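Chemist: Everything in the sequence shown is counted per my numbering, starting at 650 for the first residue and increasing by one.
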Amino acid sequence: MKQALKLCAAGVCGWCAPSLGLADETDLGAAVLVELNAVKSAETTCTLTFLVLNGHETEISKAVYETVLFNTSGQVDRLTLFDFGALPPGRPRVRQFTVPGLTCENLGRILINGAHACDAAELDASACEAGLVVDTRTDIEVIG
């Protein structure tokens, strides 16, 4: 698993290196990487597409993150839970969430506020939060 993260850091894994800016071969250690990869507006909704990588050596069977959505004025629009489901070790997963009553153009920032649930039999309870890395390929800022 650590080798996969080293490859990612070295730029061999094309999906994460340009986005995360990991230009050297630093050992990232065990972490969960969450990238806002794409957004798509409809009339009254915004669909958020995330790319997620579990950098731990074992599976996370359930990862649910408390997420705060801010409008473009910086005000909290809503607090919600995004269930990323099961995350196998070292294998990227894509998850989509459609947010009703908000267009992507009115979404300014996303805060991953913390792990609401993190079920991983062989990992510490903080496995979903410790070393959490967030990033975006969109104009919407993601912090955590």
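The beta-carbon is built from N, C-alpha and C at its ideal position, and this holds for glycine as well.
As the structure is a prediction and not an experimental result, all values here were calculated from the model.
Please name the residue in E771, C753, A776 and D732 whose C-alpha comes closest to that of L787.
Modeler: Working through the sequence shown from its first residue, we reach residue 787 at position 138. The amino acid occupying residue 787 in the given sequence is Thr; Leu does not appear at that position. Put simply, of E771, C753, A776 and D732 the residue whose alpha carbon is nearest the alpha carbon of T787 is C753.
Chemist: Does E778 come out as helix, strand or coil in the three-state DSSP assignment?
Modeler: Against the sequence shown, residue 778 aligns to sequence position 129. Coil, per DSSP.
Chemist: Which parts of the segment 731 to 756 are runs of the alpha helix (DSSP H), unbroken and 4 residues or longer, counting only runs that do not cross its ends?
Modeler: none
Chemist: With a 10 Å radius around its C-beta and 16 neighbouring C-beta atoms as the bar for buried, classify V681 as buried or exposed.
Modeler: For the purposes of this step, residue 681 is taken as the residue at position 32 of the sequence shown. V681 is buried by the Cβ-count criterion.
Chemist: What do you get for G723, buried or exposed, if any count of 16 or more other CB atoms within 10 angstroms of its CB means buried?
Modeler: Indexing the sequence shown from 1 puts residue 723 at position 74. When all chains shown are included, G723 counts as exposed.
Chemist: Which of the three DSSP states, helix, strand or coil, is assigned to R727?
Modeler: For the purposes of this step, residue 727 is taken as the residue at position 78 of the sequence shown. Here R727 sits in strand by DSSP.
Chemist: Just mark T747 as buried or exposed, buried being the case when its beta carbon has 16 or more other beta carbons within 10 Å.
Modeler: In the sequence shown, the residue the question calls residue 747 occupies position 98. Exposed.
Chemist: How far does the beta strand (DSSP E) with T696 in it reach, from first residue to last?
Modeler: Walking along the sequence shown from the start, residue 696 turns up at place 47. T696: member of the beta strand (DSSP E) spanning T694 to N703, first to last residue.
Chemist: In whole angstroms, what separates the C-alpha of E674 from that of E706?
Modeler: Reading the sequence shown from its first residue, position 25 is the one you call residue 674. Reading the sequence shown from its first residue, position 57 is the one you call residue 706. Only weak support exists for where E674 lies, its pLDDT of 29 falling under 50; the value from the coordinates is given anyway. Their Cα atoms are separated by approximately 18 Å.
Chemist: Buried or exposed for A769, please, with buried defined as at least 16 other CB atoms from any protein chain shown within 10 angstroms of its CB.
Modeler: Translated into the one-based positions of the sequence shown, residue 769 becomes position 120. Label assigned to A769: buried.
Chemist: Are three or more beta carbon pairs between the segment 685 to 693 and the segment 704 to 718 nearer than 8 Å?
Modeler: Because the criterion of three Cβ pairs below 8 Å is not met, the segment 685 to 693 and the segment 704 to 718 do not touch.
Chemist: Just grab the DSSP bridge partners of N720 for me.
Modeler: To locate residue 720, count along the sequence shown from 1; it is residue 71. Its beta-bridge partners are L756.
Chemist: With a threshold of 8 Å on Cβ separation, who are the neighbours of Q745 within its own chain once the five nearest residues in sequence on each side are excluded?
Modeler: Taking the sequence shown and counting its residues from 1, one reaches residue 745 at position 96. If we look at Q745 and ignore the five residues flanking it on each side, its Cβ neighbours are T696, L697, T698 and F699.
Chemist: Out of T694, N720, P741 and L728, which one is the CA nearest neighbour of V683?
Modeler: Here residue 683 refers to the residue found at position 34 of the sequence shown. Out of T694, N720, P741 and L728, the CA that lies nearest to the CA of V683 is found in P741.
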